[in-house]
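The following block contains the structure:
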């Protein structure tokens, strides 16, 4: 046997055509909650800073999964599909973290790719503003301020209860055991503004589905920043 | 076996986009390396249908250095001669037009010399690290210009036969063992039980968890006693997957209660989920708060 053929036997890989360049997505978990008239709710304010994002609020969902070993590394996709309500016009914030200690976010664990200052959605670093509603009043209340009437972004007085909200994060993770945590929080905290309609500042979601998926690192965008 | 391996190598087609997770491969056109001082290099190609000349054939590979001095030599023959002398496979793939090359250079490192010869082709150079920790060129694939787009290297477990995978179970590299047992479980399912049980006793935690995860994915029936014992495994990954595998057992709840104080937060989270199943009529916030505040104890 010629030497180079012996060497070829030791070359344990093969170049092969890849007609499909995208990576397969494998579903690790699919769960639901609050389909019986109950809701997940909190009146704890979402908090966070650029150095410690994704704090505050309350732990709303937690799921441990085993992320398999995939060639080139793994990207996790976390999806919430639900219906949200807010009292007193509070913003409905959601934060995702992977393996946050005690379910609380940190710089290394939040799913938001970069910690920022409060975004256009006024969500603290590490949080996403998924819904923001207004009361059925001539003047309305929003995030602790009363007597408002000019609307939000020029939309005028309106009520937007029970809006569906759907969000997917991606995050690169190592293979092995991981805990996915979703936190729910509002803007103002529990203190109800004077004259505010409603007895509390709670935000809610109900009829929720949660999906946790994984793929090998995609070749054209490895959960990286786009243009 | 040799012909089969070679046949597989020759069956490569299509294009490469990203190469990740496999031994490093440099692909595509390389910058022409500068020749050492005092050495002249030239590569002339001709596509004329002229019979190759037998005037000169001088190819040597000494001290890891390649010297070539040929005139109007067919590409295929040139590749074969270099491959024989250097001891590495150089494979022409795709439809490479017949060409005659006149090449002249002396004492270049092998990969540098090959890149000079194949400067007008797409190429893949496979390097691996030997036992001395030295990265060495192991194989080269040559494609027509533009013909290398969209090709990806595929690990052995994707194309190896089941017998070949069985052989990999005793490889010294735990990554190879792990990939092999996971693929075996996927292919043979319950018929791979003996191999899975053996891999569950591997010294390496990665092998154990890949064996267990592969079995779980393949819906294999692992004895409950084995799974229960794995809840004491030193690897939190193994404990998590074992607990998940036990979730369907009639004894799942008392088993999960034992894991409520596991040192791994992920194991504790799953244990809570199994031991205290979510009931929409219960106060879920209490469950989640308990999970958040639970103090771990050292796992034995």
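Protein chains in written order, with the working numbering: chain C, 125 to 351; chain G, 15 to 314.
For every residue, glycine included, the Cβ atom is placed at its ideal position computed from N, Cα and C.
### Task
Would you mind reading off the limits of the beta strand (DSSP E) that contains residue 123/G?
Unbroken beta strand (DSSP E) run through residue 123/G: 114-123.
### Message
Using a Cβ-Cβ distance cut-off of 9 angstroms, determine whether residue 207/C contacts chain G.
### Response
Any Cβ of chain G closer than 9 angstroms to the Cβ of residue 207/C would place that residue at the interface, and such an atom is absent.
### Task
Can you have a look at residue 222/C and say buried or exposed, based on whether 16 or more other CB atoms are within 10 angstroms of its CB?
With 16 or more Cβ atoms within 10 Å of its Cβ, residue 222/C is classed as buried.
#### Entry: Unbroken beta strand (DSSP E) run spanning residue 136/G, endpoints
Per DSSP, the continuous beta strand (DSSP E) segment holding residue 136/G begins and ends at 136-143.
### Query
Quick one: what's got a C-beta closer than 6 angstroms to residue 147/C's C-beta in the same chain, skipping five residues either side?
So the qualifying residues of the chain are 339, 340, 342.
### Message
Here's a check: name, in chain order, each residue in its chain whose Cβ is nearer than 8 angstroms to the Cβ of residue 198/C, leaving out the five neighbours to either side.
### Response
The residues 191, 192, 296, 297, 298, 299, 338, 339, 340, 341, in chain order, have a CB closer than 8 angstroms to that of residue 198/C in the same chain once the five nearest residues on each side in sequence are set aside.
### Query
Is any beta-carbon of chain G found at less than 9 angstroms from that of residue 230/C?
The C-beta of residue 230/C comes no closer than 9 angstroms to any C-beta of chain G.
### Message
Measuring alpha carbon to alpha carbon, tell me which residue in 164/C, 151/C, 233/C, 152/C is nearest residue 332/C.
### Response
The shortest Cα separation from residue 332/C among 164/C, 151/C, 233/C, 152/C belongs to 164/C.
### Message
Is there a Cβ of chain G sitting closer than 9 angstroms to that of residue 178/C, yes or no?
### Response
The beta-carbon of residue 178/C is placed no less than 9 angstroms from the nearest beta-carbon of chain G.
### Query
For residue 97/G, which of 156/G, 144/G, 285/G, 200/G has the nearest alpha-carbon?
Taking each of 156/G, 144/G, 285/G, 200/G in turn and checking the Cα distance to residue 97/G, the smallest one comes out for 156/G.
#### Entry: Proximal residues of chain C, C-beta to C-beta of residue 199/G below 9 angstroms
Within chain C, no residue has its beta carbon less than 9 angstroms from that of residue 199/G; the closest one is some 12 angstroms off.
### Task
Starting from the beta carbon of residue 172/C, find every residue of chain G whose beta carbon is closer than 7 angstroms, and list them in chain order.
Under a criterion of Cβ atoms nearer than 7 angstroms, no residue of chain G is adjacent to residue 172/C; the nearest Cβ is some 17 angstroms distant.
### Task
Using a Cβ cut-off of 9 angstroms (strictly closer), state whether residue 90/G contacts chain C.
It does not: the Cβ of residue 90/G has no partner Cβ on chain C nearer than 9 angstroms.
### Query
Between which two residues does the beta strand (DSSP E) harbouring residue 297/C extend?
Unbroken beta strand (DSSP E) run through residue 297/C: 287-297.
### Task
Would you mind working out which of 152/C, 185/C, 290/C, 215/C sits nearest residue 243/C, comparing C-alpha positions?
The candidate whose alpha carbon is nearest that of residue 243/C is 215/C.
### Task
Count the C-beta pairs between the region 109-120 of chain G and the region 136-145 of chain G that are closer than 8 angstroms, then say yes if the count reaches three, no if not.
Here the region 109-120 of chain G makes no contact with the region 136-145 of chain G; the two share fewer than three CB pairs at distances below 8 angstroms.
### Query
Which residue from 313/C, 345/C, 349/C, 328/C puts its Cα closest to that of residue 185/C?
For the residues 313/C, 345/C, 349/C, 328/C, the minimum Cα distance to residue 185/C belongs to 328/C.
### Task
State the start and end residues of the unbroken beta strand (DSSP E) segment that holds residue 306/C.
For residue 306/C, the enclosing beta strand (DSSP E) has its first and last residue at 300-309.
### Message
Assuming residue 174/G is part of the alpha helix (DSSP H), what are its boundary residues?
### Response
Element bounds for residue 174/G: n/a, residue is neither H nor E.
### Query
Does any residue of chain G bring its CB to less than 9 angstroms from the CB of residue 211/C?
No, because no Cβ of chain G sits closer than 9 angstroms to the Cβ of residue 211/C.
### Query
Does any CB atom of chain G fall closer than 9 angstroms to the CB of residue 337/C?
Any Cβ of chain G closer than 9 angstroms to the Cβ of residue 337/C would place that residue at the interface, and such an atom is absent.
### Query
For residue 222/G versus residue 249/G, is the C-beta distance shorter than 9 angstroms?
It is a contact, given that the beta carbons lie within the stated cut-off.
### Query
Counting only beta-carbon atoms, is residue 316/C nearer than 9 angstroms to chain G?
Output row for residue 316/C: interface = no.
### Message
Considering only their Cβ atoms, is the gap separating residue 334/C from residue 154/C smaller than 9 angstroms?
### Response
For the 9 angstroms CB-CB criterion, residue 154/C and residue 334/C form a contact.
### Task
Answer yes or no: does any C-beta atom of chain C fall closer than 9 angstroms to that of residue 111/G?
For residue 111/G, the nearest beta carbon of chain C is not closer than 9 angstroms to its own beta carbon.
### Query
Are residue 229/G and residue 197/G touching if we call contact CB-CB under 9 angstroms?
Their beta carbons are not under 9 angstroms apart, which means residue 229/G does not touch residue 197/G by this criterion.
#### Entry: Test: residue 256/C CB closer than 9 angstroms to a CB of chain G
Not a single CB atom of chain G sits nearer than 9 angstroms to the CB of residue 256/C.
### Query
With a CB to CB cut of under 8 angstroms and the five nearest residues on each side skipped, what residues in its chain are close to residue 291/C?
So the list reads 203, 204, 218, 252, 254, once near-sequence residues are dropped.
### Query
From residue 261/G to residue 160/C, what does the alpha carbon distance come to, in whole angstroms?
Straight across, the Cα-Cα distance linking residue 261/G with residue 160/C is about 24 angstroms.
### Task
Name the two residues that bound the continuous alpha helix (DSSP H) containing residue 93/G.
Where residue 93/G is concerned, the enclosing alpha helix (DSSP H) stretches over 89-100.
### Task
Could you check which residue in 78/G, 161/G, 226/G has the C-alpha nearest to that of residue 212/G?
Among 78/G, 161/G, 226/G, the Cα nearest to that of residue 212/G is on 226/G.
#### Entry: Which listed residue (182/G, 224/G, 80/G) has its alpha carbon closest to that of residue 121/G
Of 182/G, 224/G, 80/G, the residue nearest in Cα terms is 80/G.
### Query
For residue 68/G, which residues of its own chain have a beta-carbon under 8 angstroms away from its beta-carbon, when the five flanking residues on both sides are left out?
The predicted model places residue 68/G with a pLDDT of 46, which falls under 50 and marks its position as unreliable, so this point remains unresolved.
### Query
On the three-state DSSP scale, how would you describe residue 153/C?
Three-state result, residue 153/C: strand.
### Query
Exposed or buried, what is residue 130/G when buried is set at 16 or more other beta-carbons lying within 10 Å of its beta-carbon?
Flag for residue 130/G reads buried.
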